[in-house]
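Notes to accompany the following structure.
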Amino acid sequence: MTLTGTKLPKYLFKAVKPDGESVEGEQEAADEATLVRQLQSEGLIPIDTRSSAGLRARLGRVRRRRLTQKEIGILTRELATLLEAGMTLDRSLQILVALTGEEHLVKVLSDLQNRVRGGATFSSALEMQDGQFPRLYVNMVRAGEAGGALDQVLDRLADYLERLAELRQTVTSALIYPSILLVVAGLSVIMLLVFVVPQFTVLFEDMGEALPLPTKIVVGAGDLFRNYWWAMLVGLASIAVVLERWLQDPAVRERVDHQILDVPLIGDLVWKMETARLCHTLATLLKNGLPLLSALTLAKEVVSNRKLSGLLNEAGDDLKHGRGLAGPLVRLQALPDLALQMIRVGEESGSLDAMLAKVASIYDRETRSSVQSMLTLLEPILIIGLGVIVAGIIVSILMAILGANELVF
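The numbering of the sequence shown is our numbering, which starts it at 3 and goes up by one.
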């Protein structure tokens with residue numbers, strides 16, 4: 003029995019209007035599924051909903067282990083395969099619960115299954131997982147449900163996540179060798195300064211001020227590493243914390259992102275990566291039936307560079323006034339020239355989603371090529387740099403030894 007006058011819980015929500023405008027607010031509802039239905043009945047596309055109950059609910063979300071992008075991709079592929087085989091959504095989730103060994107995955111899948119059995123849509127059930135699934139993912143599933151093609155949408159989602167993971171893996175794998183080389187180089191120099199240079203200091207003790215300046219610098223650096231290594235570690239950790247907090251300032255982050263795009267090689271690589279990621283996302287959203295404006299509003303969230311994100315915001319404003327997508331992007335020079343030309347052709351021919359997919363494939367390859375070019379330059383630079391530092395240490399020691407011999411004779 004429901005008591006008269008009982009207050010419904012309040013929920014914070016973020017949604018997008020059909021014209022692409024973002025809306026935020028607070029609304030009462032029996033639960034999150036009811037709130038989602040209310041927002042949809044008002045013509046809004048729900049993006050994020052959460053209880054405004056306070057700190058306890060937030061702490062509960064923090065303690066919950068997050069799903070990785072790889073885990074989400076695997077679950078999506080397996081679910082798409084089961085649905086394409088003719089299984090119902092409830093049965094598919096039940097099979098995945100039985101096959102999954104990870105406790106945190108079982109909790110998520112079981113909760114999804116229980117909510118679906120309770121009458122919630124799959125997109126609403128995903129939305130109630132405390133942000134485990136990105137809102138772009140949830141909205142793509144919602145579009146698939148509306149079109150009655152959930153299995154196809156999940157299949158496209160799995161392809162999309164696999165392509166993004168492959169792009170990220172390409173860059174990560176390419177950076178492994180230079181990172182190892184840099185660490186080995188640094189450790190080699192430190193070992194020379196800490197263990198080798200002190201063996202010669204006995205020879206230099208009687209020379210006093212006669213030590214050449216390069217030798218004094220090398221001996222001082224060795225003493226610094228040997229006696230104050232702990233202070234150096236504390237200093238590096240403090241600098242890292244300060245930099246992290248500094249970059250959290252939106253104004254600072256925007257300035258840094260502007261400058262990154264102007265750095266030779268690195269700026270070009272970032273531009274190509276962002277282009278590939280944006281076009282992959284836009285193509286997938288459009289194939290799932292989302293309007294262009296809503297798709298751009300969601301897709302720009304995968305762009306991490308603030309400068310490019312700002313340009314896409316301006317393009318979205320022009321798109322609201324019926325100016326198309328290609329025109330504003332060309333005016334703002336938000337993407338590379340080839341991408342802009344192909345987008346214009348796709349828009350004029352009515353095959354924008356297919357053209358965006360081609361642009362994404364091209365810039366996937368361009369990203370790999372740019373990474374390889376950077377590595378081709380970076381590896382010899384690191385090796386030469388290490389050689390110069392080691393040679394400098396050796397020369398400084400030889401200078402002191404020759405100076406000692408001159409004093410003796």
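Built from N, CA and C at the ideal position, the CB exists for glycine as well. Values in this document were obtained by computation on a predicted structure and should not be read as measured data.
Backbone secondary structure at residue i - three-state DSSP
i           : result
residue 135 : coil
residue 285 : helix
residue 168 : helix
residue 269 : helix
residue 27  : strand
residue 327 : coil
residue 17  : strand
Where residue i falls, given that 16 or more other Cβ within 10 Å makes a residue buried
i           : result
residue 115 : buried
residue 322 : exposed
residue 102 : buried
residue 318 : buried
residue 28  : exposed
residue 366 : buried
residue 289 : buried
residue 143 : buried
residue 162 : buried
residue 123 : buried
residue 7   : Since pLDDT at residue 7 reaches only 46, below the 50 mark, its modelled position is unreliable, and the value read off the structure follows with that caveat. Answer is exposed; the Cβ neighbour count stays below 16.
residue 12  : exposed
residue 353 : exposed
residue 272 : buried
residue 236 : exposed
residue 374 : exposed
residue 165 : buried
residue 201 : exposed
residue 178 : exposed
residue 345 : buried
residue 261 : exposed
Short Cβ contact (8 Å threshold) for residue i with residue j
i           : j           : result
residue 199 : residue 224 : yes
residue 258 : residue 398 : no
residue 384 : residue 183 : yes
residue 342 : residue 328 : yes
residue 369 : residue 278 : yes
residue 284 : residue 298 : yes
residue 176 : residue 71  : no
residue 191 : residue 228 : no
residue 90  : residue 156 : no
residue 307 : residue 263 : yes
residue 334 : residue 313 : yes
residue 416 : residue 46  : A question about residue 416 goes unanswered here, because the residues of the chain that appear run from 3 up to 411.
residue 125 : residue 147 : yes
residue 305 : residue 276 : yes
residue 107 : residue 73  : yes
residue 300 : residue 336 : no
residue 81  : residue 69  : no
residue 379 : residue 180 : no
Spatial distance of residue i from residue j (CA atoms)
i           : j           : result
residue 118 : residue 139 : 17 Å
residue 331 : residue 269 : 19 Å
residue 30  : residue 38  : 11 Å
residue 153 : residue 86  : 6 Å
residue 35  : residue 14  : 13 Å
residue 158 : residue 286 : 7 Å
residue 100 : residue 75  : 18 Å
residue 187 : residue 396 : 15 Å
residue 213 : residue 239 : 34 Å
residue 127 : residue 112 : 11 Å
residue 388 : residue 253 : 37 Å
residue 372 : residue 362 : 15 Å
residue 61  : residue 250 : Below a pLDDT of 50, predicted positions are generally treated as unreliable, and residue 61, at 40, falls in that range; no measurement from the model is reported.
residue 255 : residue 247 : 10 Å
residue 194 : residue 203 : 13 Å
residue 216 : residue 174 : 38 Å
residue 243 : residue 404 : 45 Å
residue 348 : residue 358 : 8 Å
residue 109 : residue 189 : 44 Å
residue 400 : residue 386 : 21 Å
residue 315 : residue 93  : 42 Å
residue 281 : residue 340 : 13 Å
residue 137 : residue 302 : 12 Å
residue 393 : residue 382 : 16 Å
residue 33  : residue 44  : 17 Å
heavy atom of the ligand FMN below 7 Å from residue i C-beta
i           : result
residue 304 : Of the ligands one can find in the structure shown there are none, so the ligand FMN has no counterpart to examine.
Minimum Cβ-Cβ distance from residue i to chain B less than 8 Å
i           : result
residue 386 : Note that chain B does not occur in the displayed structure, where there is just one protein chain.
Length-filtered (4 minimum) alpha helix (DSSP H) runs lying within the segment 70 to 98: 71 to 86
Going residue by residue through the segment 314 to 366, where are the continuous alpha helix (DSSP H) segments of at least 4 residues, counting only ones entirely within it? 328 to 334, 339 to 351
Alpha helix (DSSP H) segments (min. 4 residues) lying fully within the segment 100 to 161: 105 to 119, 124 to 129, 137 to 148
Alpha helix (DSSP H) runs wholly inside the segment 201 to 251, at least 4 long, in chain order: 215 to 229, 231 to 249
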